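*Asks:* Mind looking over this structure? Questions follow.
In the numbering used here, the protein residues as written are 1 to 98.
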């Protein structure tokens, strides 16, 4: 995940992250005070590369990078607060189960 100061750096970071490696953009959160968090999922190596690329892109926009962090294999207690896929999108197995 990357936290930015402003929407423009967040969009720049999201674009760079999804272009840098095979990750899935799972959401963005407006935190308040102009901060935006952008989250991706994927294999650990791909997420590492994506977050590095996103942080670099965000810094090129100006003073937009507030934080960058990777949670490899989140604990099950944390997992339920992290989106699995973009809001409103269900995986085909989950659609069939409903």
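We treat Cβ as the ideally placed atom computed from N, Cα and C, and that holds for glycine.
As the structure is a computational prediction, the values presented were derived from the model and not from experiment.
(1) What number of angstroms, rounded off, separates the C-alpha of residue 69 from the C-alpha of residue 50?
(2) When you compare the segment 74 to 81 with the segment 9 to 22, are there three or more beta-carbon pairs, one atom per stretch, that lie closer than 8 Å?
(3) Just curious, the alpha helix (DSSP H) that residue 52 is in, first and last residue?
(4) Could you say which of 55, 82, 71, 7 lies nearest to residue 43 if we only look at CA atoms?
(5) Could you have a look at residue 17 and say whether DSSP puts it in helix, strand or coil?
*Replies:* On the basis of the supplied data:
(1) Within the chain shown, residue 69 is the residue found at index 69, counting from 1. Within the chain shown, residue 50 is the residue found at index 50, counting from 1. Going by the C-alpha atoms only, they are around 11 Å apart.
(2) The segment 74 to 81 and the segment 9 to 22 do not touch, with fewer than 3 CB-CB distances between them shorter than 8 Å.
(3) Within the chain shown, the letter at position 52 stands for residue 52. Counting along the chain, the alpha helix (DSSP H) containing residue 52 begins and ends at 44 to 60.
(4) Position 43 of the chain shown, counted from the first residue, corresponds to residue 43. Ranking the options by Cα distance to residue 43, first place goes to 71.
(5) Along the chain shown, one-based indexing puts residue 17 at 17. Helix.
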